[in-house]
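Asker: Chains as they are written, first to last, in my numbering: chain A, 46 to 178; chain B, 46 to 178.
Have a look at this one before I ask anything.
There are 2 protein chains.
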Amino acid sequence: MIIELDLQSDTPIYTQLMNQIIEGMASGRLQPGEPLPSVRSLAADIGINLHTVNKAYTLLKQEGFIQIHRQKGVVVQPDALPGMTSDYAHRRDAQLRPIIAEAICRGMNEQQLLAVVRDLYSHITTNERKDAP
Amino acid sequence: MIIELDLQSDTPIYTQLMNQIIEGMASGRLQPGEPLPSVRSLAADIGINLHTVNKAYTLLKQEGFIQIHRQKGVVVQPDALPGMTSDYAHRRDAQLRPIIAEAICRGMNEQQLLAVVRDLYSHITTNERKDAP
DNA sequence: CTAACTGTTATATTTATAGTATAACAGATG
DNA sequence: CATCTGTTATACTATAAATATAACAGTTAG
Chain A
46 MIIELDLQSD TPIYTQLMNQ IIEGMASGRL QPGEPLPSVR SLAADIGINL
96 HTVNKAYTLL KQEGFIQIHR QKGVVVQPDA LPGMTSDYAH RRDAQLRPII
146 AEAICRGMNE QQLLAVVRDL YSHITTNERK DAP
Chain B
46 MIIELDLQSD TPIYTQLMNQ IIEGMASGRL QPGEPLPSVR SLAADIGINL
96 HTVNKAYTLL KQEGFIQIHR QKGVVVQPDA LPGMTSDYAH RRDAQLRPII
146 AEAICRGMNE QQLLAVVRDL YSHITTNERK DAP
């Protein structure tokens, strides 16, 4: 699993870490039950602090994306994922709403917006790079 | 224009302000050329500081959503909006990507995700409340 | 002209978050 | 026993967010 971080980004490192792992799970590059590197080794790998990785892992654990065993270390959730809770639906809508509103302001119609979402969906599930042809 | 802020939210006040104004423009509640309240009056109205409003206005101006005249005050962009720049497209995709990835992890298929986007799109353009029936 | 308003700028302070740096603890493993 | 795990605690630095005053320059209504 290759982690790409932008240390100059305004999105926190631990958030970027969470997003990359979640995207890895969505794409299938990270399989259920697959082990993730320890907080220390991953931190050393990408040149950041132990606690930054630990924060990402802890949050992912709280949301049910990973499991943390004292002995085995960290593994991708082998059982069923959290699923569609009401809390999640509200949070998802709150995240999408301002993005859609801006798209409307910039002249995108419904078809164009849906096309973008469709593209991103298949890009993720078919495991393509961001700047794929 | 009614502004609703959540002071306990983790999203900054100036960001919430920007989102509400952009959503107002997308819904048509804010018409092109329509005047917006002055930084001082709006700040007093919603009980926050002058500079917080000014930050939101300045950013909205930089992105072309509003115009600021020394005399007339602040008005909703009367001319054409920014439109589809390459910068915007990349920023939009970067915002959508983690949201879509999480949706996939939680078991949403493409049709379900598109339905959510379609719903939000029409909710915004038809000017409905968040918890509309 | 004066007073009241506009956006703008400058400065200082407080608060919270992000990230780093060490260190130690408890359990598992070879 | 030495080494790895996650976990916790503490302290520090840097940055962003928000507030608090104050002042400046231009506009506008009385």
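Yeah, the Cβ is synthetic: ideal placement off N, Cα and C, and Gly gets one too.
In this text, all values refer to a predicted model and were calculated from it rather than measured experimentally.
Can you check which of these residues, B:Asp-55, B:Ala-148 and B:Pro-80, is closest to Ser-167 of chain A by C-alpha distance?
Answerer: Out of B:Asp-55, B:Ala-148 and B:Pro-80, B:Ala-148 has the C-alpha closest to the C-alpha of Ser-167 of chain A.
Asker: Would you mind sorting Thr-171 of chain B into buried or exposed? The rule is 16 or more other CB atoms within 10 Å of its CB.
Answerer: That one is exposed.
Asker: To the nearest angstrom, report how far apart Phe-110 of chain B and Glu-155 of chain B are at their CA atoms.
Answerer: Distance between the alpha carbons of Phe-110 of chain B and Glu-155 of chain B is about 32 Å.
Asker: Output the distance between the C-alpha atoms of Arg-142 of chain B and Val-98 of chain A, rounded to the nearest integer angstrom.
Answerer: For Arg-142 of chain B and Val-98 of chain A, the distance between alpha carbons rounds to 21 Å.
Asker: Would Asn-64 of chain A count as contacting chain B if we go by Cβ distances under 8 Å?
Answerer: With 8 Å as the cut-off, Asn-64 of chain A counts as an interface residue toward chain B.
Asker: On the DSSP letters alone, give me the boundaries of the beta strand (DSSP E) that Ile-113 of chain A sits inside.
Answerer: Looking at the DSSP string, the run of the beta strand (DSSP E) that includes Ile-113 of chain A is 111-114.
Asker: For Gln-157 of chain A, is the classification buried or exposed, using 16 other Cβ atoms within 10 angstroms of its Cβ as the cut-off for buried?
Answerer: Answer is exposed; the Cβ neighbour count stays below 16.
Asker: From which residue to which residue does the alpha helix (DSSP H) around Gly-118 of chain A run?
Answerer: Counting along the chain, Gly-118 of chain A falls outside any alpha helix (DSSP H), though it belongs to the beta strand (DSSP E) covering 118-121.
Asker: Within 8 Å (strictly less), CB to CB, does Glu-173 of chain A reach chain B?
Answerer: Not closer than 8 Å to any Cβ of chain B, the Cβ of Glu-173 of chain A fails to qualify, so no.
Asker: Starting from the beta carbon of Ile-113 of chain B, find every residue of chain A whose beta carbon is closer than 7 Å, and list them in chain order.
Answerer: Those do not exist, as Ile-113 of chain B stays about 17 Å from chain A at its closest Cβ, beyond 7 Å.
Asker: What is the rounded straight-line gap between the Cα of Ala-89 of chain B and the Cα of Ile-48 of chain B?
Answerer: Whole-angstrom Cα-Cα distance: 12 Å.
Asker: Kindly give me the distance between the Cβ atoms of Gly-78 of chain A and Pro-127 of chain A, rounded to whole angstroms, as I take these residues to be in contact under 8 Å.
Answerer: Not confirmed; about 16 Å, so no contact.
Asker: Taking the continuous alpha helix (DSSP H) assigned at Met-6 of chain B, which residues delimit it?
Answerer: Limits of chain B in this structure are 46 at one end and 178 at the other, which puts residue 6 of chain B out of reach.
Asker: First and last residue of the alpha helix (DSSP H) that includes Ile-149 of chain B?
Answerer: Per DSSP, Ile-149 of chain B belongs to the alpha helix (DSSP H) from 131-150.
Asker: Roughly how many angstroms lie between the CA atoms of Thr-60 of chain A and Lys-100 of chain B, to the nearest whole one?
Answerer: Near 25 Å, if we compare the C-alpha coordinates of Lys-100 of chain B and Thr-60 of chain A.
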